[in-house]
Amino acid sequence: MSDHDGTRPGEQPTRRQKLKPFEYLAFAGVAGGFTALVVLLSIRDLVLALVFGGVAFIVTVLVTATLMLAVQPRDRDGRAQHDPEGRDRTDASDS
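What the sequence shown shows, in full-length UniProt numbering, is residues 1 to 95, in sequence order.
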């Protein structure tokens, strides 16, 4: 793994890090299922409900992935791994 996901090159990822993509897909699945259920109960058209549920799933996955790209990874002690200028945290603490 790389430094970008919170692990060092020789370190094994934790169980939480391994399950993170599943959490995003599960969240998107719940959002898509909820949307499909609302459309199905209000319009009573199964095909339209599946289409709306699929669109909601895809939009939720895209929005979640985009937001996760914007979040700066944190170190185990809660500090950001990189400062805003893009320097490594160890370089920033030396100055």
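The beta carbon of each residue, even a glycine, is placed where N, CA and C say it ideally should be.
Could you tell me whether the Cβ atoms of A36 and A56 are closer together than 9 Å?
yes
Where residue 96 sits in the DSSP three-state scheme | The first residue shown for the chain is 1 and the last is 95, placing residue 96 beyond what the model contains.
Item to check | Cβ-Cβ separation, Y24 to residue 134 (assumed contact under 8 Å), whole Å | outcome: Any property of residue 134 remains undetermined from this structure, which presents the chain solely from 1 to 95.
Q.
Looking at the secondary structure, which residues open and close the alpha helix (DSSP H) in which Q17 lies?
A. R15 to I43
Exposure label - F34; buried when at least 16 CB within 10 Å:
exposed
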